[in-house]
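4 protein chains.
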Amino acid sequence: MVMISQLPSFNPVNLQVQAKLSILELSHNRPKCLSNLSSPSRSLFVSNSQQPQYPISLSPPVNQSVAAIVFGDGSESRLYPLTKRRSEGAIPIAANYRIIDAVVSNCINSNINKIYAITQFNSTSLNSHLSRAYNGLGLGREGFLEVIAAYQSPEDQGWFQGTADAMRRCLWVLEEFPVLEFLILPGHHLYKMDYQKLIEAHRSSQADITIAALDYIREPDPGFGLLKVNSQNEVAEFSWRSEKEPRIATSTRYDKASRHLLSKANDFGTEVIPGAISTGMKVHAYRFEGYWEDLRSISAFYEASMQIIKRSNMGYNFCDIDSPLYTMPRYLPPTTITDADITDSVIGDGCILNRCKIKGTVVGMGTRIGDRAIIEDSVIMGSDYQRNVCIKQIKHIQKSGIDVKGMDIPIGIGDDTQIRQALIDKNARIGRNVMIINKDKVQEGSREANGYIISEGIVVVLQNAVIPDGSIL
Amino acid sequence: MVMISQLPSFNPVNLQVQAKLSILELSHNRPKCLSNLSSPSRSLFVSNSQQPQYPISLSPPVNQSVAAIVFGDGSESRLYPLTKRRSEGAIPIAANYRIIDAVVSNCINSNINKIYAITQFNSTSLNSHLSRAYNGLGLGREGFLEVIAAYQSPEDQGWFQGTADAMRRCLWVLEEFPVLEFLILPGHHLYKMDYQKLIEAHRSSQADITIAALDYIREPDPGFGLLKVNSQNEVAEFSWRSEKEPRIATSTRYDKASRHLLSKANDFGTEVIPGAISTGMKVHAYRFEGYWEDLRSISAFYEASMQIIKRSNMGYNFCDIDSPLYTMPRYLPPTTITDADITDSVIGDGCILNRCKIKGTVVGMGTRIGDRAIIEDSVIMGSDYQRNVCIKQIKHIQKSGIDVKGMDIPIGIGDDTQIRQALIDKNARIGRNVMIINKDKVQEGSREANGYIISEGIVVVLQNAVIPDGSIL
Amino acid sequence: MVMISQLPSFNPVNLQVQAKLSILELSHNRPKCLSNLSSPSRSLFVSNSQQPQYPISLSPPVNQSVAAIVFGDGSESRLYPLTKRRSEGAIPIAANYRIIDAVVSNCINSNINKIYAITQFNSTSLNSHLSRAYNGLGLGREGFLEVIAAYQSPEDQGWFQGTADAMRRCLWVLEEFPVLEFLILPGHHLYKMDYQKLIEAHRSSQADITIAALDYIREPDPGFGLLKVNSQNEVAEFSWRSEKEPRIATSTRYDKASRHLLSKANDFGTEVIPGAISTGMKVHAYRFEGYWEDLRSISAFYEASMQIIKRSNMGYNFCDIDSPLYTMPRYLPPTTITDADITDSVIGDGCILNRCKIKGTVVGMGTRIGDRAIIEDSVIMGSDYQRNVCIKQIKHIQKSGIDVKGMDIPIGIGDDTQIRQALIDKNARIGRNVMIINKDKVQEGSREANGYIISEGIVVVLQNAVIPDGSIL
Amino acid sequence: MVMISQLPSFNPVNLQVQAKLSILELSHNRPKCLSNLSSPSRSLFVSNSQQPQYPISLSPPVNQSVAAIVFGDGSESRLYPLTKRRSEGAIPIAANYRIIDAVVSNCINSNINKIYAITQFNSTSLNSHLSRAYNGLGLGREGFLEVIAAYQSPEDQGWFQGTADAMRRCLWVLEEFPVLEFLILPGHHLYKMDYQKLIEAHRSSQADITIAALDYIREPDPGFGLLKVNSQNEVAEFSWRSEKEPRIATSTRYDKASRHLLSKANDFGTEVIPGAISTGMKVHAYRFEGYWEDLRSISAFYEASMQIIKRSNMGYNFCDIDSPLYTMPRYLPPTTITDADITDSVIGDGCILNRCKIKGTVVGMGTRIGDRAIIEDSVIMGSDYQRNVCIKQIKHIQKSGIDVKGMDIPIGIGDDTQIRQALIDKNARIGRNVMIINKDKVQEGSREANGYIISEGIVVVLQNAVIPDGSIL
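Residue numbers (our numbering), protein chains in the order written: chain A, 1 to 473; chain B, 474 to 946; chain C, 947 to 1419; chain D, 1420 to 1892.
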């Protein structure tokens, strides 16, 4: 049995490299391994299986033998305030999508149709998105995306203590459909990978664990792990640059040895994988070349968004026909444009664009932009369409004398407003004659009471925030 | 028992007016009526009912008592060539929709969730659209949209001979769920009506048939009917301007008398309603004020589309939140714009707009527009997205020396092409440097072999047509 | 390019055998073939393809390269009266299913997820079943079951003239998704076949057409075809025992030669396949061993149903976990049993069985059986559950003095009634003290006015029929 | 604004009665109330609303104005061990259903289609059931059942501390769709109530809170609350018999006063309602007559199940056509019976019953019962069908010498086994010649290691338990 992890940095011989985690566990019939075990707990696993045991040379198709486990969220985030009300995977991206759609679509396009999403932190909108986008549809008769939300049980009243702990406590669910391998994936990465190739590499190497890794060095980032590999791609060492425990997960062997590891460790990256290496398990690396972004900070998210809109897109290709990006179906009307000058931008469904100028910007679903507004190099996350036109009712309410706290400013971008290098979260109400230009060139600043913060020089207007007419940010 | 029909022209006292058909049949408990009938065949109808019989004052909700019958198509059409491969109801409109969505959405927004769509002519794409858009979703546990395609049976090997004939032959299906009234609707009309009000009017008047009618005079159109009404809205006469049998349907009483009418007539407009009036049944008119367009010609369709994009839209409002327009869910990527100047236009999902100029135009889903293209006052129906990028494969094929008949021109509008006052049907391949401007001011002309026709001065490029580089139309 | 047909009788060397049709057309890249063609119309086909052209040794997976075409019905039927209101494929079987579910489930279990169902005759309930059972669900993101109902078009106002004609007229739809092969299947056969093996055989033989055939001789049946094959499984002759044109379909080559054949022939069995053989195309047979029943007569249907309930089932296994039988999802309550003695029977969902005795019987969904009823060796098709309890309302109606024509007899089997060797179609109302035992040992007889016919000695009670209390049949 | 709670005991004048909680909060336009509030936080609520404010006389339909909040689980349970791996709402009942289906179906049948299910304890199978059973289907275009699983957020890292706390922390979600009233319901009650009548009563009384209550006295139960009401149905006192905090929820006013209450209290029953009464809010009772069971103990669950199978069912009617019970759709084969004598029982879909005797028993979906088995007065919960036939594989595994821990006993009831007055949880493996008869007449006993416990004299075999051949329990 084996396991694969994805690491964005990778070097074939003996080099410390950065590692981002995401792991695929695969199990072979390894008689040597099994004969060492007096009472292999693998039996439970195997006995559930409706598939016959395959010899390595006759591998079962991935849609029968692999289940993906997607971790949708982390308990702390440099993506705040985008994660104030939602987990990382639920952040809107590329006008029409949520971040987690990238990883789920990778699974679907790799023919993996048994997907578990384990969620715990700010998970409501993620759970809702996943249920609506992937329930029943598209995953075939035997496929499913099952959300496993954190829960209390008689045996354990606490929250999941880490990714390995979460997987351990959910094993009784994960074992319901018999699979031979688990593919463990963080839900906030942006990349396209054919997991079938990863699984092939894993099977042919007969490794216990295989970790996917990028074939080049990235700039230091505490979220990254470090791999030491030899010329056979075997991993000799795995560590983290950061002293803080990383949040992203990996898996362990699922025979007696792996259960033992899993039974003690709470986290894959800091405990399970190092433990596997130290106990002599065969841990391999899988070489990946291509775009791979983990969106772990406001600026990383902003940069990834700016890549998307470039004509010579070097980033994530969200309109690739061969490996389409799936998401929730939509029923929005077409975008209505009165008189707009639009350059290097993507426009989501159901927008209303008046006499405005839009340049280098991601305009999310249901965005309304007023006359003479100028938007540059920004990300507008859009709005839930149904709220867009509530202004009628607001007027009605105002007459009744009730304080509406900025509700008279409609959702969207007001007339004569200018926005540059900013992220505008969903359902924000930007008034008229507003300037969101970071005029004081602040790098970091929290004005949450005023509806925004500044992170790495980028102004981030909060979800549902109200920016009054004439404000200058 | 009663019946309501929709007529776009209406005058309260004794005036001949135009009538467009669409009929709602409603049945009361009319003891007087029933007592006249020795063996009322209504009993069958009633006995199927799971709902108790309601006194008039305690009317059952429409979602339990009314079924809508939508006629999706006609056997001849002035909308050719838009109807070459599809029926009228399946024609794409307003970038993201099909014409029939308007009537089906009216039903849903009026709380009518038992809908039958009867189809016969070029019905494949209509059947497919209806199944995908409305199957299972949105109509509630007891709701359904059931497509009844024309079929042969041991008793009758012929096609439906008219709307009344179609309804008569489908009665065994229509009676499966017990309803008290039938609402009979043509599937190619563009309007918003709360059918619940129509039903209320019908019930309170205790008419046998109620016909909805517009409250103003329209210009003569052979598709229109003529109503003579008195001050109580009773219809004294119903006729057609055209000598040709109109294609659109209405219904008749469903007791013995109505069955008698239905048993002899093939068409509602020319036979059933006049017959009902002549036999003394109570036929009423229901006054409707608002936009109502029947899209019966290329120019009517073009004008309705031009209304849609105007800021001061006097036509059909396709983004009304209170009565939304439903359709097939979509999973398209956002529209990507390189550098576009867009005025008074609507843009569907998933377009790719390069350095182009778009004015007064409906740009349908998945449209690709090349550099320096200029589109004015036109309707581009867009493309099935998946075909959009097949150009790669075409190039591959070309190398193998096989004739690809214009397949090297990608779907969409080529660079430097100009289009004015034209309809470009789906999946057309317009080359580079093309001028579609009706340069010879032709009013009517058929160049079908060349991929287009001209109707009422509007150039219509056919579905899947190829217009080579440099063509001037 | 090649084609495979299914034939229930097969003999490897030079023997005339019976053939039942159902054909899989597969196309290779055959340069020799293509070079013979001046302007191969295959190009159209290829150019639509999003899949690269595969060398024979690297065959594409069937879910990308094969589309199934299921013919749901025939214009005449020895299954009358079961086909009075429905086509053959829509006949209820095995308590919970419709006949067509067997073929569609074969496709799904063979990983073929592009399915077209062509229907024309009495197709309403079949279309409805297919839309509800297979729309959106289970066939994956790129899968679909598309119903193509017979339609009129400007070019052709007539009905489909045969299976080849139907396929020819629907080619514009069938070509929408590029596939390399068509699998042509009748919708009323009962068997389990892994079509992937059939396709493999077809690809490796490089035949133009491959016809699946049974490896043993069946008793003469005019519905069967006759094959003469040599030791390489090449078919030298294909003919029909019956002089009447058989209704079931097959396909032809899809290059110029095949188009030529298709352009002239209306039916696969009598024209296309013999034509292919006579013009020297390579027609192969595929050997199949197993249960294969075509349900072409009342007695064949009855015998197949009796096989299903035997403990040592030699017939169709409808509860095989490895290749499950799919159908419409159900929401029925569990079956309620007061006091029943049940032997060798299958019981559908939502039945109400009172103090009765059931032996060797298929009891369909929603069946109600009264006290002291005795049912033996019969098929009860059950009822649409919602109608089951309408008796309350009937009583209400009776009070009002309206003639309810037997509606006072509830749907189901009345108290003290005995049924032996009979088929009771859906929603029939069998009264109390009825004997359905064919007391006069009639072989053939039509008493349709009385609600039943006798076919091959089996009493068949019609759908919705009413058999009054005390009747003896 | 007001609130209604359901209480199973009720007495019109000044009597202490038992109360089971389940509360409907409804808000009126109460100008008097609003004028008392300087800055009514109701404004937020109102401003979200797309519906105009209705005068009382013109009440909005419930599907636009009411949202239901279902609490699916409790943190402790006398239903253990049925709640070992699932919450109360997820316990299988009546062969084909889960307990929570009763309350959700009440909502659907009452035309309430905005449903939130708040879950925290052992919620995995409940969440999965709700997503699969109610996602997208049946609730109409604007309807939804949204599962809100407990989650951590930056503001609050803890679990929900009670029902009021859960609601308070989820208010930001609950306010997304503007409603006027909340209906608060425990998810483990078995009853049929038309909530529309409750809402009408609430609206006409203009109460702040309305609590539904049974109109007769039940035997003492610590789960019951106590109501003191006057002749106008106003509640003067609300208390609990039990000293332990009850787990079931209710709601509070949602204006400033109610927010104040909600902001301090964690639980509706023990804090919010008593607080509302003490601060002078108008708390009313709604009289309900009918079956109402809270299934709070093993014996209550057993008794309710025994009621279901009685012919003269005085309990919950799970096959009522007018108010059907919804659940997850199923695709199981029909039940196959070799030779069974079945009395007063209900049989789920897809069972295999051999030569057995079944009396007074609920036989759940996918149950297999062996030859000569005798089952009396019991509840067999059945099995996930796919696991049912894994015995083949087990045999395969056994050969390889791996310990399979009872896996050689197939799921279901073995040959010659007798079961009396027992609950057999899902997927249990009962061997041959087993006697489950509580031979020692034990009242309470925990033999969890042996796969069962005894509660109130009823033997409960655990989910997935293995009872070896020849055991006597």
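Ideal Cβ placement from N, Cα and C applies to all residues, glycine included.
Which residue or residues does DSSP assign as beta-bridge partners of residue i?
i               : result
residue 70(A)   : 117(A), 185(A)
residue 646(B)  : DSSP lists no partner for residue 646(B).
residue 1369(C) : 1325(C), 1406(C)
Measure the C-alpha to C-alpha separation of residue i and residue j and round it to an integer number of angstroms.
i               : j               : result
residue 1782(D) : residue 1519(D) : 19 Å
residue 539(B)  : residue 654(B)  : 5 Å
residue 552(B)  : residue 681(B)  : 34 Å
residue 838(B)  : residue 1582(D) : 47 Å
residue 1(A)    : residue 175(A)  : Interpretation of residue 1(A) is limited by its pLDDT of 22, a score under 50 that renders its predicted location unreliable; no figure is taken from the coordinates.
residue 833(B)  : residue 661(B)  : 23 Å
residue 271(A)  : residue 1268(C) : 40 Å
residue 1316(C) : residue 1302(C) : 7 Å
residue 387(A)  : residue 70(A)   : Bear in mind that a pLDDT of 41 at residue 387(A), under 50, signals an unreliable position, so the number given afterwards is only what the model happens to contain. Their Cα atoms are separated by approximately 31 Å.
Determine the burial state of residue i: buried for a count of at least 16 other Cβ atoms within 10 Å of its Cβ, exposed for fewer.
i               : result
residue 203(A)  : buried
residue 1032(C) : buried
residue 1295(C) : buried
residue 556(B)  : buried
residue 703(B)  : exposed
residue 1891(D) : exposed
Against chain D, does residue i count as a neighbour if the rule is that its beta carbon must be under 8 Å from one of theirs?
i               : result
residue 438(A)  : no
residue 132(A)  : yes
residue 1132(C) : no
Does the beta carbon of residue i come closer than 8 Å to any beta carbon on chain A?
i               : result
residue 1086(C) : yes
residue 1532(D) : no
residue 580(B)  : no
residue 818(B)  : yes
residue 999(C)  : Legend: pLDDT at residue 999(C) = 37, less than 50; position of this residue unreliable, value from coordinates given subsequently. No, residue 999(C) does not count as interfacial toward chain A.
residue 1573(D) : yes
Check the Cβ-Cβ distances between residue i and every residue of chain C, and say whether any is below 8 Å.
i               : result
residue 916(B)  : no
residue 1627(D) : no
residue 1710(D) : no
Could you work out which residues of chain G lie near residue i, taking near to mean beta carbons separated by less than 7 Å?
i               : result
residue 1119(C) : Absent from the structure is chain G; the protein chains it does hold are A, B, C and D.
Contact check, residue i vs residue j under 8 Å by CB: the rounded distance?
i               : j               : result
residue 1840(D) : residue 1852(D) : Residue 1840(D) to residue 1852(D), Cβ: 19 Å. No contact.
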